[in-house]
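Report on the structure given below.
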Amino acid sequence: MAASSGLWGSEDPSRWAAVLARHGAVLRARSGARGRLEALDRWYREELPAAIKGRAQKHVTREELQQLLAWKLARGRFRPRLQQLVAANSPELVVQRSATAFSLLPDVRAAVTELCALRGVGPATASAVLAVGAPEVAAFMSDEAVAGVPGLPALQYTLKHYLLYLSQVRERAAALSQASASGLWTPHLVETALWTWVVGQKLCPNLMPELSPSQATQQDTRPARKHRTQAK
1 MAASSGLWGS EDPSRWAAVL ARHGAVLRAR SGARGRLEAL DRWYREELPA
51 AIKGRAQKHV TREELQQLLA WKLARGRFRP RLQQLVAANS PELVVQRSAT
101 AFSLLPDVRA AVTELCALRG VGPATASAVL AVGAPEVAAF MSDEAVAGVP
151 GLPALQYTLK HYLLYLSQVR ERAAALSQAS ASGLWTPHLV ETALWTWVVG
201 QKLCPNLMPE LSPSQATQQD TRPARKHRTQ AK
């Protein structure tokens, strides 16, 4: 199993919002003194979505894909080989494939498949592209967020596994939105909260809000055993 109940065990939007509010603090703890991850995360959450939204047809450029990959690797496990593979794609091909992928939404299966035709792009990287451009449809497949969803099989970087994870995240986003009086929860926000909880429990547990007395003793946020693939 991916994890014990943790944050997932709560269906209270206010508790999820309290965890989400700690994202900046957890990001600083993960980033360290150099602050590279903080800068990349601001770019990913603010500048890149605005750039994509401002285009006549949604797409990402090769330079944006490379920087998105840098964000992904800084946030999780560093794999330098992926950077070389992504850089081998032509700028025109990245624009073409990403534009087609966004046009295929809400068919996430087809959109991920389209992006995975690019070198160095697997389902996880593809999900990061889709999540930043269509946060109401997709969620990034981070190791930490997957570990925060109980009941999933051992993590594999496959389209099948991503769709299982996304289905759960979408259901939780819908439930939180229905129960919340303060605003819409997207799959993208659910992933961010899960990442914050899992990483925060490891790096700065004293900063994390309490969920409930029964849940406080049930945390197990270790990622499930992973299978190797060429690209994530």
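Just so we're aligned, residue 1 is where the sequence shown starts under UniProt numbering, counting upward by one. Even glycine gets a Cβ: it sits at the ideal position worked out from N, Cα and C. Please read all numbers here as calculations on a predicted model, not as lab measurements.
Under 7 Å between C-beta atoms of residue i and residue j
i: Val137; j: Pro123; result: no
i: Ser103; j: Val60; result: no
i: Leu85; j: Arg62; result: no
i: Cys116; j: Ala126; result: yes
i: Thr158; j: Arg22; result: no
i: Ala139; j: Leu105; result: no
i: Leu27; j: Glu38; result: yes
i: Leu194; j: Ala134; result: no
i: Lys72; j: Ala29; result: no
i: Pro153; j: Arg170; result: no
i: Gly54; j: Ser142; result: no
i: Leu211; j: Arg15; result: yes
i: Ala101; j: Glu114; result: yes
Which of helix, strand or coil DSSP assigns to residue i
i: Gln57; result: coil
i: Ser182; result: coil
i: Lys142; result: Contrary to the premise, residue 142 reads as Ser rather than Lys in this sequence. Coil.
i: Arg22; result: coil
i: Leu93; result: helix
i: Asp12; result: coil
i: Leu37; result: helix
i: Leu152; result: coil
i: Ala29; result: helix
i: Leu118; result: coil
i: Thr196; result: helix
i: Leu176; result: helix
i: Arg77; result: coil
i: Val112; result: helix
i: Tyr44; result: helix
i: Leu163; result: helix
Inter-residue CB distance, residue i and residue j (contact presumed, cutoff 8 Å)
i: Glu11; j: Ala181; result: Rounded, the Cβ-Cβ distance is 14 Å, inconsistent with contact.
i: Val108; j: Leu163; result: 7 Å
i: Trp8; j: Val149; result: 6 Å
i: Ala87; j: Cys204; result: With a Cβ gap of about 34 Å, Ala87 and Cys204 do not count as contacting.
i: Leu65; j: Val94; result: 5 Å
Closer than 6 Å: residue i CB and nearest the ligand COA heavy atom
i: Glu63; result: This structure lacks the ligand COA; in fact it carries no ligand of any kind.
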